[in-house]
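Reviewing the structure listed below.
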Amino acid sequence: MYSQIIGTQQIVVTAVFLSVMLVVLIVLRRKGGAIRASLKAGKRIAVIEDAAVSPTERLRLISVDDSEFLMLSAKGQAPVLMPFTTAKAVPANTVPAKAGTSPSMGLADIDAPKQASSAPSALQTGGDTLYPSPAERATFIEKFQSWRRDHAAG
-12 MYSQIIGTQQ
-2 IVVTAVFLSV
8 MLVVLIVLRR
18 KGGAIRASLK
28 AGKRIAVIED
38 AAVSPTERLR
48 LISVDDSEFL
58 MLSAKGQAPV
68 LMPFTTAKAV
78 PANTVPAKAG
88 TSPSMGLADI
98 DAPKQASSAP
108 SALQTGGDTL
118 YPSPAERATF
128 IEKFQSWRRD
138 HAAG
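For the sequence shown, the tail end lands on 141 under this note's numbering, and the numbers increase by one without skipping.
Structure (structure tokens):
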């Protein structure tokens, strides 16, 4: 009865197809990393990290060649893109000159206008220049907050 509905040829074709798919799966599992690396070899742009700020807003850390950029995008709005690099951390065994001085700078330091306009010392940045500068960070934070206020109702 089933031989009238499903022929031997259909069974053979299905078995061959499934065995070919199984072989492809095994090859991809073994060589998948090399295949992915060869596909990414010519690419100059990569999304390093992606985070949701709200249901309609996203922050993305993007790498282009040797530069990094921070991109804020929202539904129905033009994306905001700003250059971004991280400062090198001060080694843990380095003791700051002042006991209360922190080797890193956080967002709380940017909130105060007097600190946003002054440049951090070489000790705070580990001898490297922070980019974006505290003033640029403060400007970005202010722009981002005003943008959110303006678009919160819409």
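We put the beta carbon where it would ideally sit given N, CA and C, even for glycine.
Which of helix, strand or coil DSSP assigns to residue i
i, result
"S133", "helix"
"S120", "coil"
Sub-8 Å separation of residue i and residue j beta-carbons
i, j, result
"F131", "L57", "no"
"A65", "H138", "no"
"A39", "R45", "yes"
"F127", "M69", "yes"
Please give the ranges of any beta strand (DSSP E) in the segment -9 to 77, keeping only runs that are unbroken, at least 3 residues long and fully inside the region. As for any beta strand (DSSP E) of minimum length 3 sitting wholly inside the segment -9 to 77, the runs are 32 to 39, 44 to 51, 54 to 61 and 67 to 70, ordered along the chain.
For the pair the segment 41 to 52 and the segment 12 to 32, tell me if three or more CB-CB distances fall below 8 Å. Look at the beta carbons and you see the segment 41 to 52 touching the segment 12 to 32: at least three pairs across the two are nearer than 8 Å.
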